[in-house]
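A quick write-up on the structure given underneath.
4 protein chains.
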Amino acid sequence: MRAALAEFVDQREWRQFHTPKNLAMALAGEAGELVTLFQWLTPEEAERIMEDPQTATQVRHEIADVLSYLIRLADVLDIDLAAVLQEKIRLNEQRYPVHLARGTADKYDRLPTDGDC
Amino acid sequence: MRAALAEFVDQREWRQFHTPKNLAMALAGEAGELVTLFQWLTPEEAERIMEDPQTATQVRHEIADVLSYLIRLADVLDIDLAAVLQEKIRLNEQRYPVHLARGTADKYDRLPTDGDC
Amino acid sequence: MRAALAEFVDQREWRQFHTPKNLAMALAGEAGELVTLFQWLTPEEAERIMEDPQTATQVRHEIADVLSYLIRLADVLDIDLAAVLQEKIRLNEQRYPVHLARGTADKYDRLPTDGDC
Amino acid sequence: MRAALAEFVDQREWRQFHTPKNLAMALAGEAGELVTLFQWLTPEEAERIMEDPQTATQVRHEIADVLSYLIRLADVLDIDLAAVLQEKIRLNEQRYPVHLARGTADKYDRLPTDGDC
């Protein structure tokens, strides 16, 4: 996927625009557009968002746009996406131990600690 | 990666929080946090952002967070990330023909058309 | 408010960072941080978000941050916030006529037109 | 401005959609759309963004949209925008003393302290 995107960009001589700063902005912009598809929906309507074909296509395209810019940004910063994801999962396993984090959406700095129990 | 994240979520009984609407918000939130790392940098400083170890770690973690929520969102919506990316690249090949889009950052609806030439 | 913020910025010689591009990023970043305060809440919990003093303070600060950067951005672009808001309300009164838009969250380009009725 | 927006919303019976959670999302979505107008511009091009009439109109509208949702969110949460802004400026005066923060974009937790000097 990284290679396909890089080729697409190079063919169009878009590398001049794909700076880290610009790609971070583009990613935030696409995330914002994705959010607009969900903003007025009730939780129940949001669960069924893929049932309307026109909206489903929009969701698919916005998700693809976010993914594209994420891959591009990682590429220009020389970041291995699979490696950072694994690294972050391992960190979160420490921050959110199963017996303390189960069933709560609290951030790790608000979780009880073992000492509290 | 999808399976590892789903297992992490299930162990903590977090599936109740991981609704499509909430995941879209979480993705936008993480994209916002990523952007804050770049906002005051000049283009040149942003190119070298990975040279400072503390900032580099932050960038890696924010990128991992965006990727995590993107994979989770795609999972709960039953979207195949590789497939939508290919679909979007193909669409963009039509919207941005090489001979018209070369070297310009204009959006496709502002590009000249072949008829204009 | 605009003058107070401008003075704060000038005293610290921050005008060099407050370019339109950087301020647009900062605004998106703060909006992302605001969203993270709501992302895991049910609609009912979100209605009561100001009842927890610690979270209420966070909400107040994030809202102030968004407002600060919005005022700063308008200032450097020489945009009159009160005027653009009035302009936009007037446009939306045309786009969303009461008798067509009542009770629906559809975007204006999906609303029925008078001709459809 | 708050009253004009509230009236606009009430006439269309949109209060049901304007929950705190949904308005936070809408704000993030509009901030994302604003960012897309700046993402491929060089710093110099971004300084001149209001010179192109079509783009200037888009900037004005997106800024008005962000402001609208910010006012709406503050209204439904019963937050006084002028008061929180003053409160935040006072906090930032403590976090960013002029003699330590002058000319640097560092976050307050990375600034030198008086003790360091």
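Chains as they are written, first to last, in this note's numbering: chain C, 39 to 155; chain D, 39 to 155; chain E, 39 to 155; chain Z, 39 to 155.
No residue lacks a Cβ here, since even glycine has one placed at the ideal position from N, Cα and C.
| query | result |
| --- | --- |
| Just confirm the distance between the C-beta atoms of Val73(D) and Gly70(E), as a whole number of angstroms; I'd bet it's less than 8 angstroms. | 7 angstroms |
| May I ask you to report which of helix, strand or coil DSSP gives Lys126(D)? | helix |
| Whose C-alpha, out of Leu43(E), Leu108(E), Arg50(E), Phe46(E), is nearest the C-alpha of His137(Z)? | Arg50(E) |
| Using the beta-carbon of each residue, which ones in chain E are nearer than 9 angstroms to Pro81(C)? | Thr80, Pro81 |
| Would you list, in sequence order, the uninterrupted alpha helix (DSSP H) runs of no fewer than 4 residues that lie entirely inside the stretch 45–100 of chain C? | 58–76, 81–85 |
| Who are the near neighbours of Val104(Z) in its chain, counting only those whose CB is closer than 8 angstroms to its CB and skipping five residues on each side? | Leu65, Glu68, Ala69, Leu72 |
| So is Met88(Z) in contact with chain D if we call contact Cβ pairs under 8 angstroms? | no |
| On a Cα-Cα basis, can you pick out the residue from Leu123(D), Ala94(D), Val114(D) that is closest to Asp118(C)? | Ala94(D) |
| Going by C-alpha distance, which of Ser106(Z), Ala143(Z), Ala102(Z) is nearest Val47(Z)? | Ser106(Z) |
| Name the two residues that bound the continuous alpha helix (DSSP H) containing Leu138(E). | 136–139 |
| Do Trp52(D) and Asn60(E) have their C-beta atoms closer together than 8 angstroms? | no |
| If you count every other CB in all the chains shown that lies within 10 Å of the CB of Arg98(Z), and 16 or more means buried, which is it? | buried |
| Rounded to whole angstroms, how far is the Cβ of Thr57(Z) from the Cβ of Pro135(E), which I believe are closer than 8 angstroms? | Incorrect: roughly 24 angstroms between the Cβ atoms, too far for contact. |
| Select from the stretch 45–73 of chain E all residues with a C-beta closer than 7 angstroms to any C-beta belonging to chain D, and list them in chain order. | Phe55, Asn60, Met63, Ala64, Ala66, Gly67, Ala69, Gly70, Glu71, Val73 |
| 8 angstroms is my cut-off, CB to CB: does Ala41(C) come that close to chain E? | no |
| For Cys155(D), I'd like the list of residues in its chain whose CB is within less than 7 angstroms of its CB, leaving aside the five on either flank, ordered along the chain. | Here the model assigns Cys155(D) a pLDDT of 46, short of 50, so the residue's position is not dependable and the matter cannot be decided. |
| Taking only three categories from DSSP, how would you classify Ile117(E)? | coil |
| Could you name the residues of the same chain whose beta carbon sits closer than 7 angstroms to that of Asp113(Z), not counting the 5 residues immediately before and after it, in chain order? | Arg40, Ala44 |
| Answer yes or no: do Phe55(C) and Ala62(D) have a C-beta to C-beta separation smaller than 8 angstroms? | no |
| How many whole angstroms separate the CB atoms of Lys145(C) and Ala102(D), which I take to be in contact at a CB cut-off of 8 angstroms? | Incorrect: roughly 16 angstroms between the Cβ atoms, too far for contact. |
| Between Leu108(E) and Leu123(Z), which are expected to be in contact by the criterion C-beta below 8 angstroms, what is the C-beta distance as a whole number of angstroms? | Not really, about 10 angstroms apart at Cβ, beyond 8 angstroms. |
| Can you pull the chain D neighbours of Ala143(Z), defined as C-beta to C-beta under 9 angstroms? | Gln77, Trp78, Leu79 |
| Indicate the three-state DSSP secondary structure (helix, strand or coil) for Leu108(C) in the structure shown. | helix |
| Taking the straight line between their C-alpha atoms, what separation do you get for Arg148(E) and Glu131(E)? | 16 angstroms |
| Roughly how many angstroms separate the alpha carbons of Glu89(D) and Arg128(C), rounded to a whole number? | 24 angstroms |
| Tell me the DSSP secondary structure of Ala42(C) in three-state form. | helix |
| From the DSSP output, in three-state form, read off Ala102(D) for me. | helix |
| Just the Cα atoms here: how many angstroms apart are Leu115(C) and Ala84(C)? | 34 angstroms |
| Taking the beta carbon of Ala139(C) as the centre, do at least 16 other beta carbons fall within 10 Å, making it buried, or is it exposed? | buried |
| Scan the stretch 108–121 of chain D for residues whose Cβ lies nearer than 9 angstroms to a Cβ of chain C and list them as they occur along the chain. | Leu108, Ile109, Leu111, Ala112, Val114, Leu115, Asp116, Ile117, Leu119, Ala120, Ala121 |
| With DSSP as the reference, label Asp144(D) as helix, strand or coil. | coil |
| If distances are taken between C-alpha atoms only, which option among Leu111(D), Pro150(D), Thr151(D) comes closest to Glu100(C)? | Leu111(D) |
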